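Participant: I'd like to ask some things about the structure below.
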Amino acid sequence: MTDSVSTTSETKKAPAKDPWELPDVSGLVVGVLGGTGDQGRGLAYRLARAGQKVIIGSRAAERAEHAARELGLGIEGAENAECARRSDVVIVAVPWDGHAKTLESLRAELAGKLVVDCVNPLGFDKKGAFALKPEEGSAAEQAAALLPDSRVAAAFHHLSAVLLQDESIEEIDTDVMVLGENRADTDLVQALAARIPGMRGVFAGRLRNAHQVESLVANLISVNRRYKAYAGLRVTDIRGR
Numbered sequence: 004m005t006d007s008v009s010t011t012s013e014t015k016k017a018p019a020k021d022p023w024e025l026p027d028v029s030g031l032v033v034g035v036l037g038g039t040g041d042q043g044r045g046l047a048y049r050l051a052r053a054g055q056k057v058i059i060g061s062r063a064a065e066r067a068e069h070a071a072r073e074l075g076l077g078i079e080g081a082e083n084a085e086c087a088r089r090s091d092v093v094i095v096a097v098p099w100d101g102h103a104k105t106l107e108s109l110r111a112e113l114a115g116k117l118v119v120d121c122v123n124p125l126g127f128d129k130k131g132a133f134a135l136k137p138e139e140g141s142a143a144e145q146a147a148a149l150l151p152d153s154r155v156a157a158a159f160h161h162l163s164a165v166l167l168q169d170e171s172i173e174e175i176d177t178d179v180m181v182l183g184e185n186r187a188d189t190d191l192v193q194a195l196a197a198r199i200p201g202m203r204g205v206f207a208g209r210l211r212n213a214h215q216v217e218s219l220v221a222n223l224i225s226v227n228r229r230y231k232a233y234a235g236l237r238v239t240d241i242r243g244r
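So this note's numbering is basically just the index in the sequence shown, starting at one, shifted up by 3.
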């Protein structure tokens, strides 16, 4: 009887981890590659305003330094390679047409780093925006293929650059879909998103599901044009935060 009770207790599953139990990321340095563009500047501004140490990266150090001075909040500017080396977490916010080339050139600097890809492969014609499908499946999967020594996650795709950069806006009412292969990494990215007032990071699957998250931006662009809005996303029926 004793052996039976012992075996039963040993096979009991551990309690499920609270999905809203997220790590403290306040001490991490966040680099933003493409930080002189609208999306990159907006993310850099919001994270720094929330108290995060932020470094903007650009192909030209002078451009990055100029953008950093304009934004203030202790943000620094540096050439892309230096930005990558000095950062704990690196957000990729470069234009899609420069995505592969930029990451290939920074493979060594990004080794061992958590790389968060927020690039949306889109095309535009007279009918509006439409999604492109990279050979690897998505921008995030392309990043993972090009950076075998990095940990790649995907997030921050659906945020309006206009709202991010508007200093008069205190909170941005939106969810951030976070994808990745490792829970510790996705938890960390969720925690970064949650530092921005009004935002909530929501786990949305592994990188193989990144294409539909990236491509949804084409739909949001259509929504914004029709309704003269800066639409984001909210996931319903999730309790927490």
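Backbone N, C-alpha and C define an ideal beta-carbon position, used for all residues, glycine too. Just so it is clear, the structure is predicted and the values come from calculations on it, not from any experiment.
Inspect the beta-carbon positions of Gly126 and Leu117 and report whether they are closer than 8 Å.
Facilitator: Counting from 1 along the sequence shown, the entry for residue 126 is found at position 123. Counting from 1 along the sequence shown, the entry for residue 117 is found at position 114. The answer is no: Cβ separation not under 8 Å.
Participant: To which residues does DSSP link Leu106 through a beta bridge?
Facilitator: Position 103 of the sequence shown, counted from the first residue, corresponds to residue 106. According to DSSP, which records beta bridges pairwise, Leu106 is partnered with nothing at all.
Participant: Enumerated in chain order, which unbroken segments of the beta strand (DSSP E) with a length of 3 residues or greater are wholly contained in the segment 156 to 231?
Facilitator: 177 to 183, 202 to 206, all fully within the segment 156 to 231.
Participant: Whose C-alpha, out of Asn83, Ala194, Leu210, is nearest the C-alpha of Val93?
Facilitator: As a working note, residue 93 is residue 90 in the sequence shown. It is Asn83.
Participant: Can you find the residues in the same chain that come closer than 8 Å, C-beta to C-beta, to Leu113, ignoring five residues on each side of it along the sequence?
Facilitator: Here residue 113 refers to the residue found at position 110 of the sequence shown. Hits under 8 Å: Ala87, Val93, Leu106, Leu150, Asp152, Ser153.
Participant: When the Cα atoms are used, what is the spatial distance from Thr39 to Trp99?
Facilitator: As a position in the sequence shown, residue 39 is number 36, starting the count at 1. As a position in the sequence shown, residue 99 is number 96, starting the count at 1. Computed Cα separation, rounded: 15 Å.
Participant: Quick one: residues in its chain with C-beta nearer than 6 Å to the C-beta of Ser12, no 5 flanking neighbours on either side, listed in chain order?
Facilitator: As a working mapping, residue 12 is identified with position 9 in the sequence shown. Because Ser12 carries a pLDDT of 49, less than 50, the predicted location of this residue cannot be relied on, and the following value inherits that uncertainty. Correct list: empty, nothing qualifies.
Participant: Exposed or buried, Tyr230, counting other C-beta atoms within 10 Å across all chains shown (16 or more means buried)?
Facilitator: The count along the sequence shown starts at 1 and reaches residue 230 at position 227. So Tyr230 counts as exposed.
Participant: Quick one: Cα of Pro137 to Cα of Ala156, how far?
Facilitator: Within the sequence shown, numbered from 1, the residue matching residue 137 stands at position 134. Within the sequence shown, numbered from 1, the residue matching residue 156 stands at position 153. Spanning the two alpha carbons is a distance of roughly 17 Å.
Participant: Report the option in Ala53, Arg62, Asp27 whose CA atom is closest to the CA atom of Ala187.
Facilitator: The residue you call residue 187 lines up with position 184 of the sequence shown. Checking every option, the nearest Cα to that of Ala187 belongs to Asp27.
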